[in-house]
Each structure stands twice: as C-alpha cells, then as structure tokens.
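K.L.:
In this note's numbering, the protein residues as written are 1 to 122. Yeah, the Cβ is synthetic: ideal placement off N, Cα and C, and Gly gets one too.
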Amino acid sequence: MFRFDTHVETIVLLSHKSPDSVISVTVEFGEGEGKVPLDAIAERAKKYQPKPKITYKMIQEYVEKKYGFKVHIAYIAEVKRSLGLTMYDALSATEELKQPRKRPPKEKVEAITDTLKYFEVI
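(1) Rounded C-beta distance between Tyr75 and Pro100? I'm assuming under 8 Å.
(2) Label Ile73 either buried or exposed according to how many other C-beta atoms from any shown protein chain fall within 10 Å of its C-beta, with 16 as the threshold for buried.
(3) Apply the 10 Å Cβ neighbour rule to Lys80 and answer buried if 16 or more other Cβ atoms are within range, or exposed otherwise.
(4) Rounded to a whole number of angstroms, what is the C-alpha to C-alpha distance between Lys70 and Ala77?
(5) Where do the N-terminal and C-terminal ends of the beta strand (DSSP E) with Val27 fall, by residue?
(6) So, using beta-carbon positions, are Val22 and Phe29 closer together than 7 Å?
(7) Helix, strand or coil for Met1 per DSSP?
(8) For Tyr88, count neighbouring C-beta atoms within 10 Å of its own C-beta (all shown protein chains included) and say buried if the count is 16 or more, exposed if not.
(9) Per DSSP, what kind of secondary structure is Val36 in: helix, strand or coil?
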C-alpha cells in the first residue's frame, strides 16, 4: 500500500501570491474499496503516450511488403503535400527545384495513402 500526503503549490510559487485556500488529497493505491488500482493508472497513461514518429523508410518498407513495389521518398512527400500533412524541411532542401515535381502514378498514390492510414497519420 502506498500513501502520498504531498502538497504542491506550483502555480502559487510561480505567481508569488499567497494561496486563498489549501486542498489536501489522500490517495491510496492498491486493490480494494476506496483505493486506486495501479493497473488502471498504467492503462490510462498508455493512452496519453505520444505516437512514434513515422519515417519515410517505414512507409517505404510497408509499401514494398504489402504491394510488392518500391516508392521513392519524393512520391511520399508529394502525397503528404497533396493531403495537407505537416512537412518538415529537409537538411538538403534548396530554394529552387532543379526539376519540376513529378506526379506519382495512381497505384503508388493509393498505396502511400493506404500506408498513411495504416500508420494512423491520416
């Protein structure tokens, strides 16, 4: 059984004001009536964990495994751009393109879009 009698006044300390009132809360962890089960806290915390970052390499590998063909990262970027998804500046990015962007073939657009859905990006 755990018992915490901790009192935190972060907002008060940051504002340099005296508190108007104090609330004291006692929480007991464990099994039984009136106690908070630790398993429930762990399950709830999992819901708030950030999703792992989906990389272009992960997308390429998934498309190749599921569809049997490779997609260039430029095609992935073009599909993401067309969907209005967040794009990050590449380290090697230049102001002007050396060649105009090529529109990916329909089958590759569909495969990339399906992959983005699989990874819950869209």
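P.N.:
On the basis of the coordinates in this document:
(1) With 8 Å as the limit, Tyr75 and Pro100 do not qualify as a contact, their Cβ atoms being about 14 Å apart.
(2) exposed
(3) buried
(4) Distance between the alpha carbons of Lys70 and Ala77: 14 Å.
(5) For Val27, the enclosing beta strand (DSSP E) begins and ends at Val27 to Phe29.
(6) no
(7) Unreliable positioning characterises Met1 in this predicted model, as indicated by a pLDDT of 49, which lies under 50. A coordinate reading is not provided.
(8) exposed
(9) strand
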